[in-house]
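See structure below.
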Amino acid sequence: MRGPLEGVRIADFSWVWAGAHAMELLAFLGAEVIKIESRRRPDSPRQFTLTAGETYSDLDESPAFNDLNLNKLGVTINLGEPKGVELAKEIIKISDVVAQNMGYGAMQRRGLGYEDLVKIKSDIIYLSSSTSGGTGPRAQDVGFAPIFASLGGLAGITGYSDGPPSLSMGELDILCATTSAFAVMAALIHRNRTGEGQYIDLSFSEAVAVLIGDAILDYTMNGRVQGRSGNIDDIMAPHNCYRCRGEDDWVSIAISTEDEWEKFCKVLENPALITNEKFSDAYNRWKNQGELDKLVEEWTKNFTSREVMERLQRAGVAAMPSFNTKDLYLDPHLKERNVWLKVNHPVLGEQTVVAPPWKLSATPAKITRPAPLIGEHNEYVFGELLGMKEEEIDKLIQEKVIY
Amino acid sequence: MSEGCLSGVKVLEHTQIVAGPYCSKVLADLGAEVIKIEKPGLGDDARRRAPFLNDIPHPERSGLFLYLNTNKLGITLNPNTKTGREIFEELVKEVDILIEDNPPQTIREQRLDYNSLKEINPKLIVVSITPFGQTGPYRDYKAYPLNTFHAGGLGYLVPFGSTFPSRPPLKWGDYCGEYVCGLVAAVATLGALYAQQTDGVGQHIDVSKQEALLSLLRVFAAYYPNQKRIADRFSGLFGDSSFSQLFSETMCPEDSEAIVVAAFSHQIESLIKLTGGDAEDAKGEMSGDAFQLLPKWMSNRTKEEIYQQAQAARIPAAPIRNVEEVVNSEQFKARRFFREIEHPEMGKVKIPTTPYHFSKTPWKIERPAPLLGQHNEDIYCRRLGHTKEDMVKLREGGII
């Protein structure tokens, strides 16, 4: 079965996490994504992964790079050379989309800005993504995920009420990338209907701020500056994670209705809970949730989080463990839904990767190949797609234009 | 009037609270016509959730509902009555996409599932957004946003760099995790829409919130099966990483309320220079003196000064902003990211727009969130050809 975006070609100049994963999502949906990098300036996850504390001596041995660039083709073009820029333009001429998240003005300086490219491909869709967006006084901001989380307001409202703000790491890059993928696809649909391409200026800090709309409206409507409040809900209680029997083992429990509360008490077999006036209705439970949480934990700590989940779910009460990455890998539900796939990487060997996060019945998203080795598809892209002769390619290799 | 990217696309929304409504909101904000179905009399549960204007609970004054339902049309309908179902089917015939978030078992029992509806409209795209998807042992499990967030593995890693081993893992602030699920579903929706427009194919999209949230961990999660390393919230994800020191020394926001993250060697060199160290000595690596100098440099400056001065040296840095500072940020103002909209019950309210600024199809507000049943007459009479007398009977019968 075809992927939904089959026939769409993307010249992908984006890099690091937030850039690279965006076009990976489109590659999951069948787009042909040509990643353009060079040995002079290889994508950073080929060289190191800060969070995992790994540095790589070889450009082709990074599991993080593999996870962020699956399904893509890879070419190496030295954009510091005028001939390299010309070669990149040849790829752009046969592409539908250009994506980039280089430093402010870097593409323009090389003659690869939107204004330049629209001259050679009038209906090109051009995504430019950056920390604070391409206009305004902070257009030159540089950043990684924790910077986006801080500027966008998520860090400020996440954490214990008496603790520091919680920053976010790579997961927020992936989130920003998902936003980019959405914007590019919307532009593709617009172009389908009107024949018109366009420029997309995307701000990662805005991509975070749109996701905390309720906190923002509480300020713009009521002037209230929400602080951090852990797992606490506006009205639900119990609504928290409770310690279980295993090591750092926690279960999340959330109760909304009287019906759920009664079922919960029945499973706990704790008459003190049912008859205690302090917990007699939603408001009282919310007001006395500190005391309630202690009583709940007295019970949960006798079981593993999975046992609590099974007991409460059987009774119709919402309870799920706070899974760590090992639990997720071993989880029977995720296994049955084929969330873990394998790809064969020529250097890393067999790698387990997380599947695309959607199941489309007619045009499934797929993982078809590992991330490209550096320059792996030079021959295919320059030779077959662009129709260049072998001597031409060899000459550009010698001149370090293809590099 | 300029058009949006999705002008001409018709969407029927049968969802509530956050994830489903956010999925169709991002489509509506780009010009798709979204008809939102709400329960007669009650409406979307988000109408009963804070924040309320002036803290006075009222179904037309929830900021959460207002924000998540801009640019949509709103009707009331109970599809579980015979007539209600007929109307639902008439609507399904008219649209390109149905977005729903009902329990898989319920939707099958009510024959509102994809297999039943494709008979009526073969090109239809049905997007189902549920806690655990349509298949697998947890498919009928109950889960509130707190539970899906923790089931997806994100919660275990929050708060990042925790110094409280006896405290529980956390969710992100507000409903942020639920918005993520809506966004992830919206990407697949546009993929299917592209296929529908090019090949005429209809289909079902099964989105599990657990998997949408897990998708954000694709790199960290794979470290378990591939290397048997488990990420945790205590030590900068992977305890033995140089990053954990970088984090604890340079990003720990306990007092400073600003963060500095130098990752590339040129950033580290700039940082060492900026803080008065010997860059040549350090050879592009954070170590020894460099780790001592930064906290000292930060302690003498306000968070805005840290942001300005580090960024001027091309070093990633930011103040940790509270919501007030976010709304009043010069950068967001310059980009007109927050805009005031006019709502009949709430007056002028400032809301975030979109993080993607399209050159040819800019964001615009066509209408604020619908009042409960506001567009019943438009849709039922003008669109579907029912009479006003019909409408009265349908209302009396609890169908709309």
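Chains as they are written, first to last, in this note's numbering: chain A, 1 to 403; chain B, 1 to 400.
We treat Cβ as the ideally placed atom computed from N, Cα and C, and that holds for glycine.
Keep in mind the model is a prediction, meaning the values are calculated, not measured.
query = Between the stretch 309-325 of chain A and the stretch 339-346 of chain A, are three or more C-beta pairs nearer than 8 Å?
reply = No, the stretch 309-325 of chain A is not in contact with the stretch 339-346 of chain A.
inquiry  = Let me confirm a value: Met1(B) is counted as buried when at least 16 other C-beta atoms fall within 10 Å, else exposed. Which label applies?
reply    = Below a pLDDT of 50, predicted positions are generally treated as unreliable, and Met1(B), at 42, falls in that range; no measurement from the model is reported.
ask   = Candidates Thr304(A), Asn284(A), Tyr104(A), Phe264(A): which alpha carbon is nearest Arg314(B)'s?
value = For Arg314(B), the nearest C-alpha among the options comes from Tyr104(A).
Collapsed DSSP secondary structure at Ala313(B) in the structure displayed = In this structure, Ala313(B) counts as coil in the three-state DSSP scheme.
ask   = Cβ of Glu3(B) within 8 Å of Cβ of Gly31(B)?
value = Yes, the pair counts as a contact, with Cβ atoms nearer than the cut-off.
task = Compare the C-beta of Arg337(A) against all C-beta atoms of chain B and say whether one is closer than 8 Å.
result = A Cβ of chain B is located within less than 8 Å of the beta carbon of Arg337(A).
message = Closer than 8 Å is the cut-off here; do at least three beta carbon pairs connect the stretch 136-155 of chain A with the stretch 363-373 of chain B?
response = Between the stretch 136-155 of chain A and the stretch 363-373 of chain B there are fewer than three C-beta pairs closer than 8 Å, too few to call the two in contact.
query = Would a check of beta-carbon distances place Arg46(A) closer than 8 Å to chain B?
reply = Judged by the 8 Å Cβ criterion, Arg46(A) is not in contact with chain B.
inquiry  = Strictly below 7 Å CB to CB, what residues from chain B border Ser322(A)?
reply    = Chain B residues near Ser322(A): His150, Gly155, Tyr156, Pro169.
ask   = Who are the neighbours of Lys364(B) on chain A, taking C-beta pairs under 7 Å?
value = Neighbours of Lys364(B) on chain A: none; closest Cβ ~14 Å, over 7 Å.
inquiry  = For Val180(B) and Asp60(A), I'd like the C-alpha separation in whole angstroms.
reply    = So the two alpha carbons sit approximately 31 Å from each other.
message = Could you give the first and the last residue of the continuous beta strand (DSSP E) run that contains Asn240(A)?
response = According to the DSSP assignment, Asn240(A) belongs to the beta strand (DSSP E) that extends over 239-243.
inquiry  = Distance check for His150(B) and Asp248(A), CA to CA, integer angstroms please.
reply    = So the alpha carbons of these two residues sit roughly 14 Å apart.
key: C-beta contact flag for Tyr223(B) and Ala52(A) at 8 Å   = Taking 8 Å as the Cβ cut-off, Tyr223(B) and Ala52(A) qualify as a contacting pair.
inquiry  = Below 8 Å, how does it come out for the stretch 171-188 of chain B and the stretch 198-210 of chain B: are there three or more Cβ pairs, yes or no?
reply    = The stretch 171-188 of chain B, when compared against the stretch 198-210 of chain B, does touch it at the 8 Å Cβ threshold.
key: Entirely enclosed beta strand (DSSP E) segments - the stretch 77-145 of chain B, minimum 3 residues   = List check, beta strand (DSSP E) in window: 97-100, 125-130.
query = Taking Cβ to Cβ, would you say Pro42(A) is nearer than 8 Å to Val184(B)?
reply = The answer is no: Cβ separation not under 8 Å.
ask   = If you scan the stretch 243-270 of chain A from start to end, which runs of the beta strand (DSSP E) of 3 or more residues do you find wholly inside it?
value = Counting whole runs of 3 or more residues, the stretch 243-270 of chain A contains the beta strand (DSSP E) stretches 250-254.
Beta bridge counterpart(s) of Asn344(A) as assigned by DSSP = Listed as beta-bridge partners of Asn344(A) by DSSP are Glu350(A).
inquiry  = With three or more C-beta pairs closer than 8 Å as the rule, is the stretch 169-178 of chain A touching the stretch 9-21 of chain A?
reply    = Short answer: they touch.
request  = Find the residues of chain B that neighbour Trp250(A), judging by a C-beta separation of less than 9 Å, and give them in chain order.
outcome  = In chain order: His150, Gly155, Tyr156, Pro168, Pro169.
Thr83(B) CB to nearest heavy atom of the ligand MN below 7 Å = For the structure depicted, the ligand MN is absent and the ligand set is empty, with no information on it obtainable.
query = In the structure shown, what three-state DSSP assignment does Thr275(B) receive?
reply = In the three-state scheme derived from DSSP, where H, G and I count as helix and E and B as strand, Thr275(B) is classed as coil.
key: Beta-carbon neighbours of Leu64(B), restricted to chain A and to distances below 8 Å   = Those within 8 Å of Leu64(B) in chain A are Gly213, Asp214, Leu217.
message = Am I right that Lys359(A) and Ile56(B) are in contact with their C-beta atoms under 8 Å? What's the rounded C-beta distance?
response = The Cβ separation is near 43 Å, so there is no contact.
key: Pick from Lys266(A), Trp286(A), Pro164(A) that is closest to Gln313(A), judged by C-alpha positions   = It is Lys266(A).
query = DSSP three-state call for Met1(B): helix, strand or coil?
reply = The predicted model places Met1(B) with a pLDDT of 42, which falls under 50 and marks its position as unreliable; any figure quoted below should be read in that light. Residue state for Met1(B) is assigned as coil, using DSSP reduced to three classes.
task = Identify which residue in Ala262(B), Arg321(B), Glu90(B), Gly373(B) has its Cα closest to the Cα of Leu294(B).
result = When the alpha-carbon of Leu294(B) is set against those of Ala262(B), Arg321(B), Glu90(B), Gly373(B), the nearest one is in Ala262(B).
Beta-carbon separation (whole angstroms), Leu42(B) vs Val34(B), contact threshold 8 Å = Contact check for Leu42(B) and Val34(B): beta-carbon distance about 20 Å, past the 8 Å limit, so the pair fails to qualify.
key: Paired residues, beta bridge with His343(B) - DSSP   = Paired residues: Gly347(B).
message = Can you find the residues in the same chain that come closer than 7 Å, C-beta to C-beta, to Ser205(A), ignoring five residues on each side of it along the sequence?
response = Answer for Ser205(A): Thr131, Ser132, Phe148, Leu151, Gly152, listed in chain order.
ask   = Since Asp201(A) is in the beta strand (DSSP E), which residue starts that stretch and which ends it?
value = Where Asp201(A) is concerned, the enclosing beta strand (DSSP E) stretches over 199-203.
request  = Check the Cβ of Trp286(A) against every Cβ in chain B and list those closer than 7 Å, keeping chain order.
outcome  = When 7 Å is used as the limit between beta carbons, Trp286(A) is near no residue of chain B, the shortest such separation being about 13 Å.
ask   = Quick one: complete alpha helix (DSSP H) runs, 4+ long, within the stretch 140-219 of chain A?
value = Listed in chain order, the alpha helix (DSSP H) runs fully inside the stretch 140-219 of chain A are 145-152, 170-194, 204-209, counting runs of at least 4 residues.
task = Specify, as a first and last residue, the run of the beta strand (DSSP E) that Gln398(A) falls within.
result = Per DSSP, Gln398(A) is not a residue of any beta strand (DSSP E); the alpha helix (DSSP H) it occupies stretches across 390-398.
key: Other residues of its chain near Phe337(B): CB distance less than 7 Å, five sequence neighbours each side excluded   = The residues are Pro352, Thr353.
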